[in-house]
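First up is the structure itself, then whatever we jot down about it.
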Amino acid sequence: MTAPNDADRLTRDLDWNLLRSFVVMAEARSITDAAQRLALTQPSVSTALKKLEDRIGKRLIDRAPGRYELTRAGALLYGEAVEIHGAVHRLSTLMRDMTDEVKGHVRIAVASHVVCPLFDQVLAEFHARHPSATLSISVLGSSAALASVSARTASFAICLVHRRDPKIEYLRLYREFFGLFCGPPHPLYGRTGLQQNDLAGHSAVSFETDRLHDALRSVTMLRAQSELNEQITGTSSHLEEVRRMMIAGLGIGPLPLHVVARDVEDGLLWRLPPYVDPPAIDVHLAWNPKATLNRAESALLEALKDKIRSVPMHARTYGLGAEDQAAAPPGS
1 MTAPNDADRL TRDLDWNLLR SFVVMAEARS ITDAAQRLAL TQPSVSTALK KLEDRIGKRL
61 IDRAPGRYEL TRAGALLYGE AVEIHGAVHR LSTLMRDMTD EVKGHVRIAV ASHVVCPLFD
121 QVLAEFHARH PSATLSISVL GSSAALASVS ARTASFAICL VHRRDPKIEY LRLYREFFGL
181 FCGPPHPLYG RTGLQQNDLA GHSAVSFETD RLHDALRSVT MLRAQSELNE QITGTSSHLE
241 EVRRMMIAGL GIGPLPLHVV ARDVEDGLLW RLPPYVDPPA IDVHLAWNPK ATLNRAESAL
301 LEALKDKIRS VPMHARTYGL GAEDQAAAPP GS
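Start counting the sequence shown at 1; every next residue gets the next number (full-length UniProt numbering).
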């Protein structure tokens, strides 16, 4: 981006406020939009962008009538600026946590409806040991959860993983199995003796990540094998909303077996074929090894990693009966 002999000048002269403003500009749809987000005038934002481009020596945003997008240099700077923003954002917390007692705030990003007794146990043990530490849990789509880890705005994430970012480390937390279900208004609800081909042509609801090139690929394959209608009636990134659409009768959809076991018992959902060899989905713990963590974050992350490594995978596999787990290959 700059010549080696310009590095010292750039380090000395670059204003953090310009970088902070650029992050907003990069995420906006136009200079006008960026000005509204920053509570500044449009000329002020344009001047800030020009000043930053002069300092960097590169054009950062390609602007023309009907066109507003990052240049290659702008995209590179945005990625670095997001990481810097995350580090600066954490400075006050780190300074506040320099005491003998483990204090600090832990920000956890989780995919929708993570149901994992092992995770719950770690949280309980952590709170008992460190009652002064605080937590916040944000429910995000898996890609957004991973992005927050990369940007260092989340301490760690628990989510699905499709493409692995080399800047992030991963550890499989648990495995769950998906089945197909429908709600009481559906014509297949309550019917026994169904075969998989009985599902053909029926409408479907699913997750936004239910695509061949995404984290729920095996679930997508199951839906295709069942020959459900290719046009999905409703989608959501939140399990609760997918479940809501099923119960309302919008269509057949996939849900984790262990998560909805109570709904099946209560008559809110009906399990549909296939009943054997359900698709398995792995849920991972993800963290940024370059992030500077406060003491509470470090303690909880290490406790979770230690628990995962000490508990065999079969005890972190949810949704199969004992006979199914016994038949599963080692390490699965």
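Glycine included, each C-beta is placed from N, C-alpha and C at the ideal position.
Classification of residue i by the beta-carbon crowding that lies within 10 angstroms, buried from 16 upward
i	result
Ala-315	exposed
Pro-329	In this predicted model, Pro-329 has a pLDDT of only 35, less than 50, meaning its place in the structure is not dependable; the value taken from the coordinates is given anyway. Pro-329 comes out exposed.
Pro-4	Here the model assigns Pro-4 a pLDDT of 48, short of 50, so the residue's position is not dependable, and the following value carries that caveat. Label assigned to Pro-4: exposed.
Glu-201	The amino acid occupying residue 201 in the given sequence is Gly; Glu does not appear at that position. With fewer than 16 other Cβ atoms within 10 Å, it is exposed.
Ser-136	exposed
Ser-332	Below a pLDDT of 50, predicted positions are generally treated as unreliable, and Ser-332, at 37, falls in that range; the measurement from the model is reported next regardless. So Ser-332 ends up on the exposed side.
Val-149	buried
Gly-319	buried
Met-25	buried
Thr-134	exposed
Residue j beta carbon less than 7 Å from that of residue i
i	j	result
Ile-252	Leu-194	no
Cys-116	Tyr-189	no
Asp-257	Phe-177	The identity of residue 257 in the sequence shown is Leu, whereas the question assumes Asp. In this structure, Phe-177 lies closer than 7 Å to Leu-257 by Cβ.
Ala-303	Phe-126	yes
Thr-235	Ser-206	yes
Ala-111	Ser-142	yes
Local conformation of residue i per DSSP, three classes
i	result
His-113	coil
Leu-171	strand
Ala-328	Only weak support is given to the placement of Ala-328: the predicted model assigns it a pLDDT of 38, under 50, and the value that follows is read from those uncertain coordinates. Note: Ala-328 maps to coil in three-state DSSP.
Ala-299	helix
Leu-183	Here residue 183 turns out to be Gly, not Leu, going by the sequence shown. In this structure, Gly-183 counts as coil in the three-state DSSP scheme.
Gly-234	strand
Leu-255	strand
Tyr-318	strand
Where the alpha helix (DSSP H) containing residue i begins and where it ends
i	result
Ala-48	42 to 56
Ser-218	217 to 225
Thr-32	31 to 38
Ala-261	261 to 265
Ala-26	16 to 27
Leu-239	239 to 247
Range covered by the beta strand (DSSP E) that runs through residue i
i	result
Glu-69	67 to 70
Arg-63	61 to 64
Arg-271	270 to 272
Ala-286	280 to 287
Ser-206	204 to 207
Only counting runs of 3 or more residues, tell me where the beta strand (DSSP E) segments fall wholly within the segment 108 to 165, in order along the chain. 134 to 139, 156 to 159
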